[in-house]
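Please read the structure below before turning to the comments.
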Amino acid sequence: MQSTQLERLVNGAEKPFIKPEDMPRVEVPTLFDSFQGMLTVEALRRKPAAELLRHEWLAL
Numbered sequence: 001m002q003s004t005q006l007e008r009l010v011n012g013a014e015k016p017f018i019k020p021e022d023m024p025r026v027e028v029p030t031l032f033d034s035f036q037g038m039l040t041v042e043a044l045r046r047k048p049a050a051e052l053l054r055h056e057w058l059a060l
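Residues in the sequence shown are numbered from 1 upward in steps of one, following UniProt numbering.
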């Protein structure tokens, strides 16, 4: 089974973030904000699923 890019990132097999060439630089902060909202370890600080579904990144 081939690992996903996120799995390789988490496992340290890739640089912290390699921006796809076709991704505008202005979208990077929005993408990271969505990741931070989803991946926050402390459950009380993690964004609820309903809020994440309305996140700007998903609207792009």
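We put the beta carbon where it would ideally sit given N, CA and C, even for glycine. Quick caveat: nothing in here was measured; it's all calculated off a predicted structure.
| Item | Value |
| --- | --- |
| 8 Å Cβ cutoff, THR40 in contact with chain C | Absence of chain C from the displayed structure is noted, only one protein chain being present. |
| Cα-Cα separation, ASP33 to ASP22 | 19 Å |
| CB of GLU51 within 8 Å of CB of THR30, strictly | no |
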